[in-house]
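> Below is one structure. I have some questions about it.
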Amino acid sequence: MPDTIIEMKNLTKAYGSKIAVKNMDLSIYRGEIVGLIGKNGAGKSTLLKMVAGLVHPTSGELHFFNRASADGQSFFERMGVLIEQAGLYPHYSAFENLKLLAIAYGLPDANAQIARLLKTVGLESSGSAKVKSFSLGMKQRLGIAAALLGSPDVLLLDEPINGLDPQGIVEIRALIRELNKDGLTILISSHILEELSKIATKYVIIHQGEMVEVISADDLLHKCEERIELRLEAIEAAIPVLERELKITDYKVSDNNTVYVYEKGAQIRQISKTLIEHGIEIDSIHKHQQSLEQYFLARTEQAGERHA
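Structure follows, in structure tokens:
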């Protein structure tokens, strides 16, 4: 059984009559990179703020490390948080900014840890430079270093690549991967699914404050992969024909009389001809492929129709 780091049960946040997050049920396990994906205003930031302890839920339960959040505050020390922009002092150096935070956190003899963190985020050669001279990407990396003070178990990042140039995005992406390799569990929000797809192990699609879908990275890629969709009644008769006659082994049977064929080189004409020759009637057959963004838009549109 995976080690549960964060668990939400019917988590809800309302601001007056406006519901920002509604009945969120979600489990986050150790070592995951969980991507919160949704349009601007979907509730991603509010959800992260509740997890970080910056906003109190209106109702529902929030558990950390198998303890309820009401049990005490000690678990917040095990979290690193970068929501919106890092609160940095522009006229102080990178090292001085981290030193001030370490003092505020009550971390003794933090110089060695600060030097290590600056190296981790690729700022070891800029530690003495004033932050006002930093690019946005450098400030984001310093913000992540600040969130890592105290060696947290979980890192919360809200739109960390927003506004960055391509080089800055590559640097943040590489940093997140390295931190995860070191065992850090990461919860990251973005409205750019294509970027999240390069780092996340699991996605949570949010629309108008509600969870639309939780899907693993592998399952999402499989759904977006080019495939032939074959709809027919006699699936039990068709499968042996696909395997024996056409040597198709990479397929998935759905519960709605549909076979998804992922086999490279499989041809619609050949599949149709072979099945018909074996007396198997086909209701429909077509090729399907969609981008990650198209999948996300389709899921949020479906959710929007339910709200209409």
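Using UniProt numbering, you'd call the opening residue of the sequence shown number 1 and step up by one each time.
Cβ atoms here follow ideal geometry from the backbone N, Cα and C, with glycine treated the same way.
Note that the coordinates shown come from a computational prediction; the quantities given were computed from them, not determined experimentally.
Enumerate in chain order the residues of its own chain whose CB-to-CB distance from valine 55 is below 6 Å, with the five nearest sequence positions on each side excluded.
For valine 55, where only same-chain residues beyond five positions count, the Cβ hits under 6 Å are Lys49.
> Should leucine 221 be labelled buried (16 or more other beta-carbon atoms within 10 Å of its own) or exposed?
Result: exposed.
> In terms of alpha-carbon separation, which member of Leu155, Glu229, Ile19 lies closest to histidine 288?
Nearest of Leu155, Glu229, Ile19 to histidine 288, Cα basis: Glu229.
> Along the chain, where does the alpha helix (DSSP H) containing alanine 115 start, and where does it finish?
111-120 is the extent of the alpha helix (DSSP H) around alanine 115.
> On a Cα-Cα basis, can you pick out the residue from Lys273, Gly38, Leu11, Gly279 that is closest to glycine 60?
Comparing Cα-Cα distances from glycine 60 to each of Lys273, Gly38, Leu11, Gly279, the minimum goes to Leu11.
> Does the beta-carbon of glycine 106 have 16 or more other beta-carbons within 10 angstroms, so that it is buried, or is it exposed?
Exposed, because fewer than 16 other Cβ atoms sit within 10 Å of the Cβ of glycine 106.
> Should leucine 156 and methionine 79 be called a contact, given that it needs their Cβ atoms to be closer than 8 Å?
Yes, these two residues count as a Cβ contact at 8 Å.
> The alpha helix (DSSP H) that contains glutamate 243, what's its start and end?
That run of the alpha helix (DSSP H) goes 235-244.
> Is the Cβ-Cβ distance between glycine 53 and phenylalanine 76 less than 8 Å?
Going by C-beta atoms, glycine 53 is nearer than 8 Å to phenylalanine 76.
> First and last residue of the beta strand (DSSP E) that includes glycine 35?
Start and end: 33-37.
> Find out if the Cβ-Cβ distance for the pair residue 392, isoleucine 280 is shorter than 8 Å.
There is no way to answer for residue 392, as the model of the chain reaches only from 1 to 308.
> Does the count of Cβ pairs from the region 179-191 and the region 241-260 closer than 8 Å reach three?
Short answer: they don't touch.
> Note the first and the last residue of the continuous alpha helix (DSSP H) segment covering residue 309.
Only positions 1 to 308 of the chain appear in this structure, which leaves residue 309 out of reach.
> Excluding the five sequence neighbours on either side, which residues of its own chain have a C-beta within less than 7 Å of the C-beta of residue 313, listed in chain order?
Nothing about residue 313 can be read from this structure; the chain reaches only from 1 to 308.
> So, are the CB atoms of tyrosine 92 and lysine 119 less than 8 Å apart?
Not a contact, by the Cβ cut-off of 8 Å.
> Could you tell me which residues DSSP puts in a beta bridge with leucine 230?
Bridge partners of leucine 230: Val259, Ile285.
> Which same chain residues end up closer than 7 Å to lysine 22 when comparing Cβ atoms and leaving out the 5 residues on each side of it in sequence?
Result list for lysine 22: Thr12, Gly209, Glu210, in chain order.
> Alpha carbons only, please: which of Tyr262, Tyr251, Leu164 is nearest the one belonging to isoleucine 192?
For isoleucine 192, the nearest C-alpha among the options comes from Leu164.
> Tell me where the beta strand (DSSP E) around residue 309 begins and ends.
Nothing about residue 309 can be reported from this structure: the residues present for the chain run from 1 to 308 only.
> When the Cα of isoleucine 172 is compared with those of Asn180, Asp182, Ile161, Val259, which residue comes out closest?
Measuring from the Cα of isoleucine 172, the nearest candidate turns out to be Ile161.
> Look at the Cβ atom of serine 151, then the Cβ atom of leucine 292, and state whether they are nearer than 8 Å.
Cβ atoms of serine 151 and leucine 292: not closer than 8 Å.
> How big is the Cα-Cα spacing for lysine 39 and glutamate 301?
Straight-line Cα distance between these residues: approximately 11 Å.
> Whole-angstrom Cβ separation of valine 259 and leucine 175, contact assumed at under 8 Å?
At roughly 42 Å, the Cβ-Cβ gap does not stay under 8 Å, so valine 259 and leucine 175 are not in contact.
> In whole angstroms, give me the CA-to-CA distance for tyrosine 246 and glutamate 233.
In the sequence under discussion, the amino acid at residue 246 is leucine, which differs from the tyrosine named in the question. Computed Cα separation, rounded: 19 Å.
> Per DSSP, what kind of secondary structure is valine 131 in: helix, strand or coil?
Helix at valine 131.
> Measure the alpha-carbon distance for isoleucine 215 versus leucine 47 and round it to whole angstroms.
Rounded to whole angstroms, isoleucine 215 to leucine 47 spans 18 Å at the Cα level.
> Between Asp25, Thr58, Met24, which has its C-alpha nearest serine 17's C-alpha?
Answer by Cα proximity: Thr58.
> Tell me the DSSP bridge mates of tyrosine 203?
Paired residue(s): Gly35, Ile215.
> For valine 241, collect the residues of the same chain with a Cβ closer than 8 Å to its Cβ; drop the 5 residues on either side in sequence, then sort them by chain order.
Closer than 8 Å at the Cβ level, and outside the excluded window around valine 241, lie Thr274, Leu275, His278, Ile280.
> Check whether the Cβ atoms of asparagine 262 and glutamate 225 sit closer than 8 Å, and answer yes or no.
Here residue 262 is tyrosine; the residue named in the question, asparagine, does not match the sequence. In contact: tyrosine 262 and glutamate 225 (Cβ atoms closer than 8 Å).
> Measuring alpha carbon to alpha carbon, tell me which residue in Ile169, Val170, Asp153 is nearest residue 309.
Summary: the structure shown does not reach residue 309, with the chain confined to residues 1 through 308, and so no result is reported for it.
> Tell me the rounded alpha-carbon separation between alanine 266 and isoleucine 169.
Near 37 Å, if we compare the C-alpha coordinates of isoleucine 169 and alanine 266.
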